[in-house]
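Visitor:
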Amino acid sequence: MRTTQFHIVTRKETPQDAEIVSHQLMIRAGLIRKLGAGLYSWTPLGFRVLQKVESIIREEMNKSGGLEMLMPAVQPKDLWEETGRINDFGGQLLAIHDRAERDYFFGPTHEEVITDFVRNEINSYKQLPITFYQIQTKFRDEIRPRFGVMRSREFIMKDAYSFHLSKESLVETYEKMRQAYDNIINRIGLKFRCVLADSGAIGGSGSQEFHVIADSGEDAIMYSDSGEYAANIEKCAAVSLIGERQAPSMDLQKVETPSQKTIEEVVSHLDVEKVQTIKTLLVAGVDGPVALVVRGDHQLNEVKANNLIEVASPFRMLDDEEIKTVAGCDAGFIGIKSLAAHIIVDQTVANMSDFICGACENGFHYIGVNWERDAQFHQIADLRDAQVGDPSPDGQGTLQMARGIEVGHIFQLGNKYSKAMNAVVLNEKGQSQAMEMGCYGMGVSRMVAAAIEQSHDEKGIIWPEAIAPFQVVLLPMNYHKSERVKAVTHDLYQSLIGQGVEVILDDRKVRPGFMMSDFELLGIPHQIIIGDRALDRNVFEYRQRKDMQNQDIACDKMLTFITEHICA
RNA sequence: CGGGGUAUAGCGCAGCCUGGUAGCGCAACUGCUUUGGGAGCAGUGGGUCGGGAGUUCGAAUCUCUCUACCCCGACCA
């Protein structure tokens, strides 16, 4: 490809509304352009990258037995009524209707559609197991789309669905998919981590997420410093930090805390440590208000809370007025002594003694509070975020934290959808049986952003070889004046093409510095500079984008040098 | 959804308060010079000032309204 016949539009300035590096660089390098909130066009240059990611995914999915197909992006609302998922997805669903006022959703995911397909298509256990997948545009009406294609509303996803007669077969395919995901991200060339995850609105039993490691990642990943354990903080089990509850050593005492509402304020006012305090959070329950209690230095884990059957879904904190009614005081003074709510305490809290809490009376806290003697709880649960330094839940080492970008999520769904939608097969005994099901998603467009997030420098993108839009760029100096440069460049260009190398020749009439800066921004892995100065010595200058170390390569050796340096 | 902000040329902005010929930088185009790190000079093109309504002799500017986009949003017990 020649730049004059391609479309390259770069910007020197970083766009004002782009917050993270990948978004800034994708706009500057001209890979994407915004159409509206969470809506992006992929330019020819960006699309080449997208297609490379796609084809790696496609190859690995095919290799592990997946069958590619294509389902409609627009889905009848009836299907979603069958599974009752409209509420789970809530406002994220883009509702549309046709001229006859029939209701549709633009698909955010395709469990319903594939299950409908399969229930009509598959009748016998002999057709199982089977895995279908597609690469397609999805739409999720995010509350706040941001970070360019990292969290856009319209995006490209690979979604796969497997169907089985037995759980064992499901687990077998699930493992195959896990392996395929490993292979895909390894081939793309990114550092990542596979972690335990909450399954959220998709449902099912087991699930794991694949996170590309990057400081800007929106997710926190907890992992053991010496074992295998790794989990999204949403899911990561938080163990009790207190082995056994000590007997009370203090009397219960009400103290004045006239204006101390926050844990920080109370702790400094009473001159105590945060670990001696608890905080009580009132949330909407299925049957009346629920109090969730965590230690003062801990954070409530909303996902864990939402998963409790006693807690209303979607999760909602009570507002100031409701708090006043339930606790008789303002937020800031809520305590657990004689609180008219279902009280669920975190495991650590359950073992605390002589602790401090609000008195359910404005301006007062209790100190020396002890369970049983002074207050009762109804239930113990894991309610808090695990934190760095906690013992790992599997007993191996302590927990560390990293930030990650979720690019893949695999689930063992079981028969949630097949039961709801009556997707059954006849088994060996001729009996009707709901199929076991797995689903496996991967964000194709997000993968591109994640790659940049992990691989860039102050000059621009540094593409991993496997997904670079071009492998090699030819940067001729004085191309439009020097006949020798022009001829030599042209020869090299033709022979690289002959070898199947993806090469772009910058034949624009621009100054050398401009050319070089442009291609540093674009991040092409291999650069060859052709200039009279080097040609006098019968060499080309070669350098890699990742280290920018200049290297002279004899002109007649260049072709073999390049083909040897490129992963075919 | 709640709160805040912005909307003027492809991009970034000034002009608005105090109504009267729509400007600057970058980008683009032409010419000359330059040509190993985002060139210089000279010139050119491009905007119904987000939409609608109102006030006024006159509105980018004042008023109302709609829309779009951006930012923030339990973490307090």
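Residue numbering for the first sequence follows this note's numbering, starting at 2 and increasing by one per position. All residues carry an ideal CB built from backbone N, CA and C; glycine is no exception. In this text the structure is predicted, and so the values were computed from the model without any measurement.
#1: By the 10 Å Cβ neighbour count, where 16 or more other Cβ atoms means buried, how is N539 classified, buried or exposed?
#2: Would you kindly work out how many angstroms separate the C-alpha atoms of D272 and D298, rounded to a whole number?
#3: Using only alpha-carbon positions, find the residue among D320, V304, E322 that is nearest to S314.
#4: Would N371 be called buried (16 or more neighbouring beta carbons within 10 Å of its own) or exposed?
#5: According to DSSP, is M402 part of a helix, a strand, or is it coil?
#6: Apply the 10 Å Cβ neighbour rule to I157 and answer buried if 16 or more other Cβ atoms are within range, or exposed otherwise.
#7: How about I234 and M251: are their beta carbons less than 7 Å apart?
#8: N423: which of L414, Q413, Q434, G415 sits nearest, CA to CA?
#9: From what residue to what residue does the alpha helix (DSSP H) around W81 run?
#10: Whether or not the segment 490-497 and the segment 443-454 are in contact is what I'm after, with contact meaning three or more pairs of Cβ atoms, one per stretch, closer than 8 Å; do they touch?
#11: Quick one: what's got a C-beta closer than 7 Å to H457's C-beta in the same chain, skipping five residues either side?
#12: With A342 and L283 assumed to form a contact (beta carbons below 8 Å), what rounded beta-carbon distance in angstroms separates them?
#13: If you follow the alpha helix (DSSP H) that V1 is part of, which residue opens it and which one closes it?
#14: Could you check whether the segment 319-332 touches the segment 215-222, counting it as contact only if at least three pairs of C-beta atoms, one from each stretch, sit closer than 8 Å?
#15: Taking contact to mean 3 or more Cβ pairs, one atom from each stretch, closer than 8 Å, check whether the segment 460-474 and the segment 520-527 are in contact.
#16: Answer with buried or exposed for M70, where buried requires no fewer than 16 other C-beta atoms within 10 angstroms of its C-beta.
#17: Could you say which of G190, Y182, I189 lies nearest to V196 if we only look at CA atoms?
#18: Is T349 near S225, with beta carbons less than 7 Å apart?
#19: Grouping DSSP H, G and I as helix and E and B as strand, with all else coil, what is A231?
#20: Is the separation between the beta-carbon of G149 and that of H24 shorter than 7 Å?
#21: Measuring straight from C-alpha to C-alpha, what distance separates A306 and A387?
#22: Using alpha carbons as the reference points, say which of Q93, D104, S206, Q209 lies closest to E155.
Guide: Once the coordinates are examined:
#1: Here the question's residue 539 lines up with position 538 in the first sequence. Under this definition N539 is an exposed residue.
#2: Within the first sequence, the letter at position 271 stands for residue 272. Within the first sequence, the letter at position 297 stands for residue 298. Taking the straight line from one Cα to the other gives about 15 Å.
#3: Numbered from 1 along the first sequence, position 313 holds the residue referred to as residue 314. For S314, the nearest C-alpha among the options comes from V304.
#4: Taking the first residue of the first sequence as position 1, residue 371 is located at position 370. It is buried - the Cβ of N371 has at least 16 other Cβ atoms within 10 Å.
#5: Locating residue 402 in the first sequence gives position 401, counting from the first residue. M402: strand per DSSP, three-state reduction.
#6: One-based indexing of the first sequence puts residue 157 at position 156. So I157 counts as buried.
#7: As a position in the first sequence, residue 234 is number 233, starting the count at 1. As a position in the first sequence, residue 251 is number 250, starting the count at 1. No, the Cβ-Cβ distance between I234 and M251 is not below 7 Å.
#8: As a first step, residue 423 must be located in the first sequence, where it is residue number 422. The shortest Cα separation from N423 among L414, Q413, Q434, G415 belongs to Q434.
#9: Position 80 of the first sequence, counted from the first residue, corresponds to residue 81. 78-84 is the extent of the alpha helix (DSSP H) around W81.
#10: no
#11: The sequence position of residue 457 within the first sequence is 456, counting from 1. Around H457: V22, L26, I463.
#12: Along the first sequence, one-based indexing puts residue 342 at 341. Along the first sequence, one-based indexing puts residue 283 at 282. The pair is a contact, with the Cβ atoms about 6 Å apart (cut-off 8 Å).
#13: With the chain represented from 2 up to 569, any question about residue 1 goes unanswered, as that position is not in the structure.
#14: no
#15: yes
#16: As a working note, residue 70 is residue 69 in the first sequence. Looking at its Cβ environment, which holds fewer than 16 other Cβ atoms inside 10 Å, M70 is exposed.
#17: Here residue 196 corresponds to residue number 195 of the first sequence, with the count starting at 1. The shortest C-alpha separation from V196 is found at Y182.
#18: Your numbering for residue 349 matches position 348 in the first sequence. Your numbering for residue 225 matches position 224 in the first sequence. Contact: no.
#19: Locating residue 231 in the first sequence gives position 230, where the first residue counts as 1. Here A231 sits in strand by DSSP.
#20: In the first sequence, residue 149 corresponds to position 148, counting from 1. In the first sequence, residue 24 corresponds to position 23, counting from 1. Going by C-beta atoms, G149 is nearer than 7 Å to H24.
#21: Mapped onto the first sequence, residue 306 falls at position 305. Mapped onto the first sequence, residue 387 falls at position 386. Cα-Cα distance, rounded: 14 Å.
#22: One-based indexing of the first sequence puts residue 155 at position 154. When only C-alpha atoms are compared, the closest one is Q93.
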